[in-house]
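A.B. asks: Position 44, counted from 1, in the sequence shown is what my numbering calls 50; the numbers after and before it change by one each time, with no gaps. I am attaching a structure below and will ask some questions about it afterwards.
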Amino acid sequence: MDPGHVTFTNLKCRSYNPESILFPTCRIKAVNRTHKYINIYTKLIQVKIKFLRFDNGYKPFFVDISSDGCKFLKDQEKNPIANLLYQTFVRSTNLNHTCPYNHDLIVEKLWTGNLEKDFGRYIPIPNGDYAIYSEWTANGALSASVKVYMKLFDK
């Protein structure tokens, strides 16, 4: 199955508590007209992820994933959907060992080709506008959010 082409259309990183989390880098960089990549720098905390599809507003499309980042990295096989998503960006990040993390987390040059090859071949996804919303919490309080917007279309 050919997964089509994915392009990032927008990226929003927001800190609700600058004392606990900051995003020194949060941007999309264009390689050419059709390929872009994402750079994000931050710290690891608990994260909740939602997959959304645009249909008169962004609505849930797939599944919501809530996961303690440290527990997930210790045993990735317990959450196969989170692991599938993780495998699409692990080559573009320093998020590659179990906790503790005493350094900034970096997602660098995450490009859409990874999404097309890794995620799209397992799950058939129709053309359209999509978003992945993530909410980052620390000690039970919402600290930040990252929203990635993309478009999927036939090559």
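Backbone N, C-alpha and C fix where the C-beta goes; we use that ideal spot for every residue, glycine too.
At a cut-off of 7 Å, would you count Arg59 as near the ligand HEM, judging by its Cβ distance to the nearest heavy atom?
C.D. replies: For the structure depicted, the ligand HEM is absent and the ligand set is empty, with no information on it obtainable.
A.B. asks: Measure how close the beta-carbons of Ala137 and Leu17 come, nearest whole angstrom, since I'm counting them as under 8 Å.
C.D. replies: So it is not a contact: roughly 10 Å between Cβ atoms.
A.B. asks: Would you kindly report the start and end of the unbroken alpha helix (DSSP H) that includes Ile87?
C.D. replies: Ile87 -> alpha helix (DSSP H) spans 86 to 95.
A.B. asks: So, for Leu101: in the same chain, excluding its five sequence neighbours on each side, which residues have a beta-carbon less than 6 Å away from its beta-carbon?
C.D. replies: The answer, listed in chain order, is Leu111.
A.B. asks: Is the beta carbon of Asn45 less than 8 Å from the beta carbon of Glu114?
C.D. replies: Result yes, Cβ atoms of Asn45 and Glu114 sit closer than 8 Å.
A.B. asks: Is the Cβ-Cβ distance between Phe67 and Met156 less than 8 Å?
C.D. replies: Their beta carbons are not under 8 Å apart, which means Phe67 does not touch Met156 by this criterion.
A.B. asks: Go ahead and pull the three-state DSSP assignment for Gly75.
C.D. replies: In the structure shown, Gly75 sits in a helix (DSSP, three-state: H, G or I).
A.B. asks: May I ask you to report which of helix, strand or coil DSSP gives Thr164?
C.D. replies: Outside the shown range of the chain, which is 7 to 161, sits residue 164, and nothing can be said about it.
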